[in-house]
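Asks:
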Amino acid sequence: MAAELLWIEGLRGALRGPVLAPDDWGYDRARATFNAMIDRRPAAIAWCAGIDDVVAAVDFAGRAGLPLAIRGGGHSVAGHAVCEGGLMIDLRLMHQVRVDPESRRLWVGGGATWRDVDTPCAVHRLAIPGGTVDTTGVAGLTLGGGIGYLIGLHGLTLDNLASAEVALADGSVVTASESAHGDLFWALRGGGGNFGVVTEFEFVLHPLPAVWGGWISFAQPHLGDAVRLFRDVMESAPDELTLMVSLADGEADVLVCFAGAAAAGEESVGPLREQLPVLRDQLGLTSYLQIQAMLSEVPPVFGSRNYWKSHFVRALPDDLIDEIVEHYLAHPQDGEDEILIEPMHGAASRLPADATAFSRRDPCFNVSGLAIWEDATQDGEHIDWARRTAAVVASHSASAGGYLNYGAPDEPIERVRAAYGDSTFERLRHIKQRYDPNNMFRFNHNIPPAEV
253 MAAELLWIEG LRGALRGPVL APDDWGYDRA RATFNAMIDR RPAAIAWCAG
303 IDDVVAAVDF AGRAGLPLAI RGGGHSVAGH AVCEGGLMID LRLMHQVRVD
353 PESRRLWVGG GATWRDVDTP CAVHRLAIPG GTVDTTGVAG LTLGGGIGYL
403 IGLHGLTLDN LASAEVALAD GSVVTASESA HGDLFWALRG GGGNFGVVTE
453 FEFVLHPLPA VWGGWISFAQ PHLGDAVRLF RDVMESAPDE LTLMVSLADG
503 EADVLVCFAG AAAAGEESVG PLREQLPVLR DQLGLTSYLQ IQAMLSEVPP
553 VFGSRNYWKS HFVRALPDDL IDEIVEHYLA HPQDGEDEIL IEPMHGAASR
603 LPADATAFSR RDPCFNVSGL AIWEDATQDG EHIDWARRTA AVVASHSASA
653 GGYLNYGAPD EPIERVRAAY GDSTFERLRH IKQRYDPNNM FRFNHNIPPA
703 EV
């Protein structure tokens with residue numbers, strides 16, 4: 253214990269930001285993340301106040317041989333933000349956002365959430381594709397993909413990344429872009445937190461059009477038909493329209509974002525209003541900020557227990573939809589379990605598969621079983637439900653892997669490899685060998701360094 257206290261005091265002397273030890277006030281709150289199933293206790297939590305603090309903390313962990321975890325928004329279902337008995341680098345003090353409306357560029361600190369980002373962009377009538385919940389961290393979403401409501405117009409979040417400032421395992425800091433450290437820049441766009449600590453992101457911004465949308469709900473007898481309607485509308489959807497469908501609370505909620513004129517939005521989703529009895533219709537002229545916030549106060553929320561599994565499927569045939577609905581209705585009744593279906597379409601599906609490390613570029617759907625509950629004694633029941641649901645979808649899977657941003661804590665390396673495909677995974681391993689040969693950054697869906 254004395255030795256541990258000694259190195260913690262040494263770390264405090266090296267950083268401008270605070271360092272929390274297990275006995276310090278605020279430690280338990282600081283180590284808590286989105287998923288209440290994750291109950292790890294780092295030896296210390298370093299709240300970094302800037303890039304120099306991050307470099308010092310990485311160097312300290314390396315010299316001390318400590319496990320190292322990085323927290324941005326803390327929204328990882330897998331709990332990658334916190335490690336047991338090591339050093340947790342917390343970036344939440346680094347949540348700065350700077351918008352240049354003239355160049356349409358955005359700079360975002362590694363600890364920011366989409367709630368930090370969306371409003372200052374909207375002030376200038378600009379936007380970037382974010383996620384679907386504005387409490388999600390910018391870093392984790394970007395490095396792993398970024399499926400959101402503007403995916404049809406502007407692609408994944410990572411498709412809008414212009415550069416990234418990265419603190420590397422060897423203590424150096426580089427700015428990766430298409431023109432500098434191009435291999436690292438390619439890897440960061442989909443390869444997760446495997447290569448260093450991204451302390452600042454530079455994004456390309458886009459003009460923010462009028463937005464028409466919200467959600468429309470259908471009662472339990474119509475779950476399957478609602479998913480079929482979602483599928484059919486998405487088959488001919490223009491880039492301006494993105495729909496997602498959630499089976500939750502015994503209903504089917506179709507989430508709608510049309511980035512364009514209200515009349516065109518209403519026309520594009522007409523079948524949703526005309527072909528089935530509607531339980532609730534909350535569609536209308538809105539704003540991108542409202543669209544981004546509409547799921548923020550409903551499950552999944554911080555503090556719930558979560559176990560998610562997903563698969564990309566190329567199509568949603570009727571038999572698969574029927575199986576999805578059947579498995580949803582069999583979910584445990586004491587939780588908030590959900591099945592979420594998101595499209596890959598438009599701009600996101602038009603890039604070559606090897607343009608970024610995120611290689612799932614064909615038009616498809618991400619089907620996810622999201623087990624969400626409160627009572628720890630029910631862990632086994634809910635985890636089993638998510639696994640059974642994923643097993644049903646797996647028979648239609650475009651690969652044996654899923655969307656790693658939704659990956660469970662126990663995803664095996666075989667599923668990580670499958671999510672990328674063999675050639676992309678091997679390319680990532682060689683880049684990992686160059687930038688992190690000792691696998692310091694391993695609290696993630698890990699890509700081990702290539703053997704030399």
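Mapped onto the working numbering, the consecutive letters of the sequence shown carry residue numbers 253 to 704. Backbone N, C-alpha and C fix where the C-beta goes; we use that ideal spot for every residue, glycine too.
1) Using only the alpha-carbon positions, how far apart do PHE437 and GLY621 sit?
2) Output needed for GLY512: all residues of its chain with C-beta closer than 6 Å, excluding positions within five of it in sequence on either side, in chain order.
3) So, with DSSP's three-state summary, where would you put ASN412?
4) Throw me the rounded Cβ distance for the LYS561 and ALA638 pair, which I believe falls under 8 Å.
5) For HIS682, count neighbouring Cβ atoms within 10 angstroms of its own Cβ and tell me buried if that reaches 16, exposed if not.
6) According to the Cβ coordinates, are VAL506 and LEU495 closer than 8 Å?
7) Measure from the alpha carbon of ARG686 to the alpha carbon of each residue in VAL349, ALA516, HIS433, ILE403, then state which is nearest.
8) Please name the residue in VAL450, VAL375, LEU420, VAL521 whose C-alpha comes closest to that of HIS458.
9) Please name the residue or residues paired with PRO270 in a DSSP beta bridge.
10) Do ALA330 and ARG323 have their beta-carbon atoms positioned less than 8 Å apart in this structure?
11) Between which residues of its own chain and THR641 is the CB-CB distance below 6 Å, once the five residues before and five after are set aside?
12) Starting from the N-terminal side, write out each stretch of the beta strand (DSSP E) that is 3 residues or longer and does not extend beyond the segment 318 to 366.
13) Measure the Cβ-Cβ separation of ALA623 and GLY659 and say whether it is below 8 Å.
14) With a cut-off of 8 Å, does the C-beta of ARG640 fall near any C-beta of chain B?
15) Who are GLN534's beta bridge partners in DSSP?
16) Exposed or buried, which one is ASN412 when buried takes at least 16 other CB atoms within 10 Å?
17) Is it right to say GLY262 is buried, meaning 16 or more other beta carbons lie within 10 angstroms of its own, or is it exposed?
18) Can you give, in chain order, each stretch of the beta strand (DSSP E) that sits fully within the segment 438 to 502 and has at least 3 residues?
19) What's the C-alpha gap between ASP370 and VAL390?
20) Could you compute how far the alpha carbon of ALA254 sits from the alpha carbon of ALA416?
21) Nearest-angstrom Cα distance between HIS648 and HIS597?
22) Mind checking which residues open and close the beta strand (DSSP E) that includes VAL619?
23) Starting from the Cα of TRP299, find the closest Cα among THR451, GLY654, VAL456 and give me that residue.
24) Less than 8 Å between the C-beta atoms of ALA273 and TYR279, yes or no?
25) For VAL577, name the three-state secondary structure that DSSP assigns.
26) For ILE699, name the three-state secondary structure that DSSP assigns.
27) Taking Cβ to Cβ, would you say ALA308 is nearer than 8 Å to LEU267?
28) Let me know if ASP606 comes out buried or exposed under the rule of 16 or more other beta-carbons within 10 Å of its beta-carbon.
29) Using alpha carbons as the reference points, say which of THR365, GLY407, ALA414, TRP625 lies closest to SER556.
30) Given this structure, state the Cα-to-Cα distance separating ARG574 from ALA646, to the nearest angstrom.
31) Which two residues bound the contiguous beta strand (DSSP E) that contains LEU592?
32) In its own chain, which residues sit with a C-beta less than 8 Å from the C-beta of ASN691, not counting the 5 before and 5 after it?
33) Which residues does DSSP list as the beta-bridge partners of TYR540?
34) Any contact between the segment 611 to 621 and the segment 508 to 524? By contact I mean 3 or more CB pairs, one from each, below 8 Å.
35) Tell me the residue span of the beta strand (DSSP E) that contains SER562.
36) Which of the three DSSP states, helix, strand or coil, is assigned to CYS373?
Replies: So, to answer that:
1) Those two C-alpha atoms are separated by around 31 Å.
2) Within the same chain, and ignoring the five residues on either side of GLY512 in sequence, the residues whose Cβ sits closer than 6 Å to its Cβ are PRO461, GLU492.
3) helix
4) About 5 Å; that satisfies the 8 Å criterion.
5) exposed
6) yes
7) HIS433
8) Considering only alpha carbons, the answer is VAL375.
9) The partner list for PRO270 (beta bridge, DSSP) is empty, contrary to what the question assumes.
10) It is not a contact, given that the beta carbons lie outside the stated cut-off.
11) HIS579, GLY621
12) Contiguous beta strand (DSSP E) elements confined to the segment 318 to 366 occur at 320 to 323, 339 to 342, 349 to 352, 357 to 361, taking only those with 3 or more residues.
13) no
14) As a matter of chain content, chain B is missing from the structure shown, which is built from one protein chain.
15) For GLN534, which the question treats as bridged, DSSP gives the partners TRP467.
16) buried
17) exposed
18) 449 to 456, 463 to 470, 493 to 500
19) 11 Å
20) Because ALA254 carries a pLDDT of 48, less than 50, the predicted location of this residue cannot be relied on, and the following value inherits that uncertainty. So the two alpha carbons sit approximately 39 Å from each other.
21) One Cα belongs to HIS648, the other to HIS597, and the distance between them is close to 18 Å.
22) 616 to 625
23) When only C-alpha atoms are compared, the closest one is THR451.
24) Taking a C-beta distance under 8 Å as the contact criterion, ALA273 and TYR279 qualify as a contact pair.
25) helix
26) ILE699: coil per DSSP, three-state reduction.
27) yes
28) exposed
29) Looking at the Cα atoms, TRP625 is the closest of the given residues.
30) Going by the sequence as given, residue 574 is Asp instead of Arg. So the alpha carbons of these two residues sit roughly 15 Å apart.
31) 590 to 596
32) LYS684, ASN698, PRO700, PRO701
33) BP columns for TYR540 are empty, so no partner.
34) no
35) In the DSSP assignment, SER562 falls within the beta strand (DSSP E) that extends over 557 to 565.
36) helix
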